[in-house]
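> I have a structure I would like to understand better, so I am pasting it below and will then ask my questions one at a time.
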Amino acid sequence: MFIDIIIPTYNRSRTIIRAIESVLGQTYKDYNLIIVDDGSTDDTKDIVKPYLEKKNIHYLFQKNKGVSAARNYGIEHSSSEWIAFLDSDDEWLSHKLEKQNQFHLLNPKINFIHSNENWIRNGMRVNAPKKFDKSNDRILERSLATCLISPSTVLMKRELGSQFNFFNEEMTICEDYDLWLKILLKEEVGFISDYLINKYGGHEDQLSTMYDAMDYWRVKSLINILNEKHTDDEVKRKLIEDEIEKKSSILLKGLQKHNQIQRYNELLSLLNGPK
């Protein structure tokens with residue numbers, strides 16, 4: 133198994149070294165690393181430059197288009213059958229790729245493998261809330277409520293992501309939620325219970341901290357999934373419809389309360405459209 137690793141980054145010169153070093157420290161060595169700079173205005177390029185002396189590390193720069201476009205740009209410039217993602221805030225533990233390769237050898241029909249993760253906040257490990265339990269028990273149903281699978285844990289086959297054109301570049305957040313759900317509706321996914329990454333949080337500009345907007349984008353994703361007929365299974369469609377109703381009811385009340393008329397009307401239009 134040869135793996136192309138995609139690190140998207142934007143103004144993370146203070147953490148990008150940690151991410152890169154965690155790749156270089158892998159016990160599994162059959163990989164290329166592709167760093168996609170999404171228009172950083174800090175010194176990311178200078179920080180990365182010394183690593184480019186290694187033949188298997190590559191740096192790409194694009195105008196700022198968002199994390200979905202950055203990941204997709206990296207994928208376009210990759211060629212391997214397998215793709216892994218690492219956010220520039222996070223780091224892999226040294227045996228991450230080796231464990232996933234071993235899992236693949238034992239389960240060759242599984243095209244998507246993720247794992248448990250350590251949560252690090254203010255330099256300390258904290259326990260993740262129970263709702264983020266990543267075991268495969270009812271994972272589709274539980275993934276409708278929130279994004280259970282972190283990109284930095286994922287190893288997937290290129291051909292699987294290609295079926296869905298990888299990440300939706302129109303989504304400014306929750307793009308991973310969108311792609312993982314499409315995959316979960318179609319495929320059995322592999323889960324390794326070992327903790328294989330350290331997931332850091334707490335940056336003021338971290339997209340995933342914008343909780344008030346996240347369910348809006350999740351509802352949009354769920355409606356699109358129904359409209360695009362990613363599943364004909366009536367049980368799965370009912371689960372999605374119930375989650376849309378639950379989330380949109382809370383969202384509409386909040387948008388109305390805070391007088392966000394444009395977004396309120398956009399959501400109503402989506403809800404009243406074909407499904």
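One point on numbering: in the numbering used here, the residue at position 203 of the sequence shown is 335, and numbering is uninterrupted. Note that beta-carbon positions come from the ideal geometry of N, C-alpha and C, so glycine has one too.
Between which two residues does the alpha helix (DSSP H) containing Ala-201 stretch?
That run of the alpha helix (DSSP H) goes 199-208.
> Would DSSP call Glu-320 helix, strand or coil?
Correct three-state label for Glu-320: coil.
> Nearest to Ile-242 by CA position, among Tyr-142, Lys-263, Gln-234, is which residue?
Looking at the Cα atoms, Gln-234 is the closest of the given residues.
> At a cut of 8 angstroms, does the segment 203-212 reach the segment 172-186 through at least three beta carbon pairs?
They do not touch, by the three-pair rule.
> Quick check: the segment 217-234 against the segment 140-158, are there 3 or more CB pairs under 8 angstroms?
At 8 angstroms Cβ cutoff, the stretches touch.
> Is DSSP giving Ile-305 helix, strand or coil here?
Residue state, collapsed to three classes: coil.
> Whole angstroms are fine: how far does the CA of Asp-175 sit from the CA of Lys-361?
Approximately 44 angstroms between the Cα atoms of the pair.
> Hey, Ala-216 and Leu-316 are a contact pair by Cβ (cut 8 angstroms); roughly how many whole angstroms apart?
Contact doesn't hold; Cβ gap of about 18 angstroms is too wide.
> Would the beta-carbon of Ser-275 fall within 8 angstroms of that of Leu-328?
Contact: no.
> Rounding to the nearest angstrom, what Cα-Cα distance links Ile-166 and His-390 in this structure?
Going from the Cα of Ile-166 to the Cα of His-390 covers about 42 angstroms.
> Name the DSSP beta bridge partners of Met-256, please?
DSSP lists Arg-253 as partners of Met-256.
> Determine the DSSP secondary structure at Lys-331, reduced to helix, strand or coil.
Looking at Lys-331 - three-state DSSP - the assignment turns out to be strand.
> Provide the residue(s) that pair with Asn-196 in DSSP beta bridges, ordered along the chain.
Its beta-bridge partners do not exist; DSSP assigns none.
> Leaving out the 5 sequence neighbours to the left and right, which residues in its chain are closer than 6 angstroms to Asn-268 when beta-carbon positions are compared?
Closer than 6 angstroms at Cβ, skipping near neighbours: Phe-323.
> Look at the alpha carbon of Ile-393 and the alpha carbon of Ser-282, and state the distance between them as a whole number of angstroms.
When rounded, the distance between both Cα atoms is 32 angstroms.
> Is Ile-149 closer than 8 angstroms to Val-168 when the C-beta atoms are compared?
No, they are not a contact pair.
> Suppose you measure from the CA of Gly-171 to the CA of Gly-198; what does that come to, to the nearest Å?
Their backbone Cα atoms lie some 9 angstroms apart in a straight line.
> Do the CB positions of Ser-200 and Met-303 come within less than 8 angstroms of each other?
Cβ atoms of Ser-200 and Met-303: closer than 8 angstroms.
> Using beta-carbon positions only, say whether Arg-214 and Val-155 come within less than 8 angstroms of one another.
The question names Arg, but residue 214 is Trp in the sequence shown. No, these two residues do not count as a Cβ contact at 8 angstroms.
> Got a sec? Which residues, its chain only, sit under 6 angstroms from Leu-402 by beta carbon, not counting five neighbours each side?
Cβ within range, chain order: Ile-355.
> Within its chain, find whatever has a CB closer than 7 angstroms to the CB of Ile-357; leave out the 5 residues flanking it on each side and keep chain order.
Here the set comprises Leu-313, Lys-314, Ile-372.
> Residue range of the alpha helix (DSSP H) that Val-367 falls in?
Looking at the DSSP string, the run of the alpha helix (DSSP H) that includes Val-367 is 366-389.
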